[in-house]
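Scroll down for the structure; my scribbles are underneath it.
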Amino acid sequence: MDAISHVAGRAIPFGRKNVDTDVVIPAHWLKTITREGLGKGAFEAVKKEPGNVFTDPEYAGAPILIAGDNFGCGSSREHAAWALLDMGVSCVIAPSFSDIFSGNAFKNGILTVALSQDAIDRLMEVAREHPIDVDLETQSVTTPFQDRWTFEIDAFRKHCLLEGLDEIGLTMAQGDAISVYEAKAKTDLPFLARTPATAA
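All residue numbers for the sequence shown refer to our numbering, where the first residue is 1350 and numbers rise by one.
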């Protein structure tokens, strides 16, 4: 996955609370075997509402989504994270997130930032006309008006996001240690290296 250290630009001022993963990506989009194209189905029902932010050209391609409390609740579908990435979102800011969604987002390189409702209200106001800056290195969110909030993030998740390491990447990063272990195992535990073909 792509490394992420800094996300800056326009933010979609959505702000709705208790948005479940079926709202993020409806079930009929889950038949696909590829992640590409899911952005078209993201927030499908919301896009049908008059004056919604997702069809407003002002926020086209915005890399940040500002959401309400308990974002990503409902089913555990990883497609929700895929859909957000496909629509260009790499950071979601909300007062709180479903644990499963937060985990799926992290595994796919999306930064989830939890801030107070007061901060969300201010960001919703700023985002309507101005960009927002999210810095993972300093764990801060800022606006052009000197607003600044800091956020907490697990040290392991921060490391993985900064380095662009998903589960496969983490394993590959241990390639040398794995090779040393395998070589040692062949010497110390030769019976583990024997296959059915060589055991006869």
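Glycine included, every Cβ here is placed at the ideal spot set by N, Cα and C.
Item, Value
"Alpha-carbon to alpha-carbon, Ala1429 and Ile1374", "6 Å"
"CA-to-CA distance, Lys1533 to His1377, given in whole angstroms", "50 Å"
"Residue range of the unbroken alpha helix (DSSP H) whose run includes Ala1454", "1448-1456"
"Beta carbon of Ala1432 nearer than 8 Å to that of Gly1388", "yes"
"Ala1549, buried or exposed, once every other Cβ within 10 Å from all chains shown has been counted against 16", "Only weak support exists for where Ala1549 lies, its pLDDT of 49 falling under 50; the value from the coordinates is given anyway. It counts as exposed."
"Closest residue to Lys1507 among Gln1495, Asn1419, Phe1494, Ser1489 (Cα-Cα distance)", "Ser1489"
"Candidates Thr1536, Glu1427, Cys1422, of which the one nearest Ile1382 by Cα", "Glu1427"
"Paired residues, beta bridge with Asn1362 - DSSP", "This sequence places Pro at residue 1362; Asn is not what is there. Partner(s): Ile1415."
"Segment contact, 8 Å Cβ cut-off, at least three pairs: the region 1354-1362 with the region 1398-1411", "yes"
"Close Cβ partners of Ser1425 (< 6 Å) along its chain, the five nearest in sequence each way excluded", "Ile1449"
"Given Thr1492 as reference, the closest of Glu1393, Met1473, Glu1486 once Cα atoms are compared", "Met1473"
"Leu1460: first and last residue of the uninterrupted beta strand (DSSP E) it sits in", "1460-1463"
"Among Ala1443, Ala1463, Leu1434, the one whose alpha carbon lies nearest that of Ala1454", "Leu1434"
"Test item: CB-CB of Leu1460 and Val1483 under 8 Å", "yes"
"Phe1500, DSSP secondary structure in three states", "coil"
"Phe1500 and Val1529 closer than 8 Å at C-beta", "no"
"Proximal residues to Glu1486 (C-beta, below 6 Å), its chain only, five neighbours per side dropped", "Ser1354"
"Those residues which DSSP pairs with Cys1440 across a bridge", "Ile1413, Leu1460"
"Proximity below 8 Å, CB of Leu1510 to CB of Gly1458", "yes"
"Backbone secondary structure at Phe1494 - three-state DSSP", "coil"
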